[in-house]
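Participant:
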Amino acid sequence: NLFNENDNINFDKNHFYILSIINPKYLEMACDEIALKTTHKLKLKSNNQIDIHSDNNIDLIAKNKVLIKSNNKIDIRNDSQSLKNILIDITDAIANLRVTGQAIIDESSRAGIYGIRSKIYDLLS
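Okay, here's the thing in structure tokens:
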């Protein structure tokens, strides 16, 4: 029994040591806090889906870069805006800019820029 206190090989009063590979089909852990630390690489892999959920914040911190890569589309959004829609609006606004006369910008085209800026503030902090 892995959790038998009388077994000196696998258990002491403060720690237990797993000496063989755990390979369950389903593993769930419930605790107040868990920390995973490695000096080289931590790899999470799934053949299907990886879900990360937090009721508060999820922080991705890197010294160099954070890479998000997918073989399909990537969706970045909050409850009210998506990055895709904002970028489409930016390109539409740029496409609709008109220069009249001696490089004078039609002021009515600026209204679209203000709407885009508002969406960016809604999505990004």
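Our numbering puts the first residue of the sequence shown at 21, with every later residue one more than the last. Heads up, the beta-carbon is just placed ideally off N, CA and C, and yes, glycines get one too.
For S90, which three-state DSSP category applies?
Facilitator: Position 70 of the sequence shown, counting from 1, holds the residue named residue 90. If DSSP states are grouped into helix, strand and coil, S90 belongs with coil.
Participant: Are there 16 or more other CB atoms within 10 angstroms of the CB of I88, so buried, or fewer, so exposed?
Facilitator: One-based indexing of the sequence shown puts residue 88 at position 68. Exposed is the call here.
Participant: Taking the CB atoms as reference points, tell me whether I78 and I106 lie closer together than 8 Å.
Facilitator: If you number the sequence shown from 1, residue 78 lands on position 58. If you number the sequence shown from 1, residue 106 lands on position 86. Contact flag unset, no.
Participant: Opposite T120 in the DSSP bridges: which residues?
Facilitator: Here residue 120 refers to the residue found at position 100 of the sequence shown. I124, per the DSSP bridge assignment.
Participant: Under 7 Å from any heavy atom of the ligand ZN, does the C-beta of S128 make it?
Facilitator: Because no ligand of any kind appears in the structure shown, any question about the ligand ZN cannot be addressed here.
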